[in-house]
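**Q** Under our numbering, think of the first position of the sequence shown as 658, with each following residue one higher.
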Amino acid sequence: MGEGVFIHALESFYRRRPRWTRPSIHACELDPRLPGRLDRSDRRLTVRCRRADFLRVRFGRPFDAVLANPPYVRHHELNYDDELLGEFDRLAGRRLSRMMNLYGLFMLRIASLLGPRGRAAIILPAEWLNADFGVPLKAFLLERNVLDGIVHFSHRVMIFPTALTTAAILLLRRGRAPCESIRLSRAEDAGSLSSKTLRDARRVRAEDLSPTRKWSPIIESDAPLQTAHHRLGEVAACSRGIATGANDFFVLRPSKCRELRLSSRDVRPCISRARQIEGPRLTGQAMRRLIASDEPLYLLSPRQMLSPAVQAYLGEGRRRGIDRRYLPSHRPVWFRPEERKPAPILIAVFARGDFRVVLNSAGALNLTAYHGIYPRNSTAAVVKSLHAYLCSPEGQRALSAQRRIYGGGLYKLEPRDVEAVELPEALWRKLS
Ligand SMILES: C[S@@+](CC[C@H](N)C(=O)[O-])C[C@H]1O[C@@H](n2cnc3c(N)ncnc32)[C@H](O)[C@@H]1O
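#1: Which residue or residues does DSSP assign as beta-bridge partners of Leu1024?
#2: From the DSSP output, read off the bridge partner residues of Cys1048.
#3: If you scan the stretch 791 to 873 from start to end, which runs of the alpha helix (DSSP H) of 4 or more residues do you find wholly inside it?
#4: From Phe663, Arg918, Thr819, Ile1002, pick the residue whose C-alpha is nearest to that of Ala969; which is it?
#5: Taking 8 Å as the limit between beta carbons, can you name the residues of its chain near Ala1144, skipping five residues before and five after?
#6: Would you list the residues whose beta-carbon is nearer than 6 Å to any heavy atom of ligand 1, in the order they occur in the chain?
#7: Give the straight-line distance between the Cα atoms of Leu957 and Glu1071, rounded to the nearest whole angstrom.
#8: Starting from the C-beta of Ala749, find all residues in its chain whose C-beta is less than 7 Å away, skip the five residues before and the five after it, and write them out in chain order.
#9: Contact defined as beta carbons within less than 8 Å: I believe Cys685 pairs with Ala709. What is the distance between those atoms, to the nearest angstrom?
#10: Going along the chain, which residues of its own chain have a beta-carbon closer than 6 Å to the beta-carbon of Gln1053, five neighbours each way excluded?
#11: Leaving out five residues on either side along the sequence, give the residues of the same chain with a beta carbon under 7 Å from the beta carbon of Thr823.
#12: Is there at least one Cβ from chain D nearer than 7 Å to Leu971's Cβ?
#13: How would you call His1028, buried or exposed, if buried means at least 16 neighbouring beta carbons within 10 angstroms?
#14: Can you tell me where the beta strand (DSSP E) holding Ala777 begins and where it ends?
#15: Considering only C-alpha positions, which residue in the set His665, Asn726, Tyr729 is nearest to Leu702?
#16: Reducing DSSP to helix, strand and coil, say where Arg1061 ends up.
#17: Could you give the C-beta distance for Leu691 and Pro727, rounded to a whole number, given that I count them as a contact under 8 Å?
#18: Who are Phe720's beta bridge partners in DSSP?
#19: In or out: Cys1048 buried (at least 16 other Cβ within 10 Å) or exposed?
#20: Taking Cβ to Cβ, would you say Val1075 is nearer than 7 Å to Cys895?
#21: At which residues does the beta strand (DSSP E) containing Ser681 begin and terminate?
#22: Going along the chain, which unbroken runs of the alpha helix (DSSP H) with 4 or more residues stay wholly within the stretch 973 to 1021?
#23: Check the DSSP bridge columns for Glu1079 and list the partner residues they point to.
#24: By Cβ distance below 6 Å, which residues in the same chain neighbour Leu687 in space, the five residues on each side in sequence not counted?
#25: Can you give me the start and stop residues for the beta strand (DSSP E) that Leu1067 sits inside?
#26: Alpha carbons only, please: which of Pro835, Thr854, Leu939 is nearest the one belonging to Ala1005?
#27: In angstroms with no decimal places, state the Cα-to-Cα distance between Glu963 and His732.
#28: Taking 8 Å as the cut-off, does the stretch 835 to 850 touch the stretch 772 to 782 (at least 3 CB pairs, one atom from each stretch)?
#29: Would you mind stating whether Leu762 and Leu799 have Cβ atoms separated by less than 7 Å?
#30: Could you give the first and the last residue of the continuous beta strand (DSSP E) run that contains Pro926?
#31: Check whether the Cβ atoms of Phe720 and Gly775 sit closer than 7 Å, and answer yes or no.
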């Protein structure tokens, strides 16, 4: 129900069609303050609003149509018990991810409330189309043959002004014929919806839509549904950068090292910020330039025997409570960040256009602004050809097929997205 936008829209829809049979409307809202605010002056439709939790309320009957704009609540803010989640597992016919956003549960409940030939239109963040928690949702929709279409908004616009996320409208229909196609359509913005019909939408077969693939790139780029499958993960590993848990303590500027009289053997050069790398290669010369401009790039990695200078600095860390912070306190030794080899190739975690892929000739470590790519065959020529591919337009297209899209044109790659990037046959052979 919320503020009643849908009810008002229905009121004006039926006002313009006086001869049509009026539906009886059931609304649901958890917030006790909201339904009261609905303007009752020009009410033509019968609306019954339940002040209840939509996931638990019993309606006692199926519906011909459902319209919804479900709440966006992340999994760690949900406080539903295992019993309710178990009920949803049974409803979906599979175990659902416990990382699922509340709107995923709404989607399942809505699908279960549709009567024969019932339809639903649900506006949702597009995230579930690409996230791991969306896989069982997609599998459920395909298995029950209720997925009728998706209208995907351009990620250049922000449909939900307060949430950094892209939107998509999910259209469900019960009673679809087994071989009916699914319609995938794009919308530039909310304004373009009123003139939109699904007649020109791309039609795909349910069996060609795999639940494990990301669907936004398929809808956005008309990407082919069946492709050769050589993945980067078969020939290289990708991992997150080192998380120190307190960069302001563990990552030092050269001037600070001098002031503390730290030996160069107690620190290791690392890239701590995305913008510290400019071009496609990180050379020794570029590192020297960063050192000359006093960038924070020395990661504290003390030798076994702690020098007096290191001991003094660790004392300062304890006084500042660094050892009690979350990550340091969960390490075997609080001041020893993970042991890592420098990654031969680095890739930026976030991008606004192409993802920056860097050949790490300087052998620097990387913190979390970059992921590290470690080819199993790490001979220089092989590493170079993988780097060249990932920088090329073809490689960037393969990367963008895996990226997660945030609103406002921000893209992100998780290590497993990088490992899912498709490689051309010839390169894959070279790396194998
Ligand atoms: C995105 S808003 C919907 C806006 C609505 N379309 C309108 O016209 O304002 C989501 C609404 O769901 C309500 N809500 C959140 N959790 C709920 C739950 N478990 N059951 C029912 N309503 C819930 C919120 O209070 C909020 O009003």
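For glycine and all other residues, C-beta sits at the position ideal for the given N, C-alpha and C.
**A** So, to answer that:
#1: Ile899
#2: DSSP, once it has assigned bridges, lists no residue as partnering Cys1048.
#3: 791 to 800
#4: Arg918
#5: Any question about residue 1144 goes unanswered here, given that the chain covers just 658 to 1089.
#6: Gly659, Glu660, Gly661, Val662, Phe663, Cys685, Glu686, Leu687, Asp688, Leu691, Asp710, Phe711, Leu712, Asn726, Pro728
#7: 26 Å
#8: Leu765, Pro793, Phe797
#9: 6 Å
#10: Asp1011
#11: Pro782, Ala783, Phe810, His812, Ile1062, Gly1064
#12: Of the protein chains in the structure, only one exists, and it is not chain D.
#13: buried
#14: 771 to 782
#15: His665
#16: strand
#17: No, Leu691 and Pro727 are not in contact; Cβ-Cβ is about 15 Å, not under 8 Å.
#18: Leu771
#19: buried
#20: yes
#21: 681 to 686
#22: 983 to 986
#23: Arg888
#24: Asp710
#25: 1067 to 1069
#26: Leu939
#27: In the sequence as presented, Glu is not what sits at residue 963; that position holds Leu. Near 43 Å, if we compare the C-alpha coordinates of His732 and Leu963.
#28: no
#29: no
#30: 924 to 928
#31: yes
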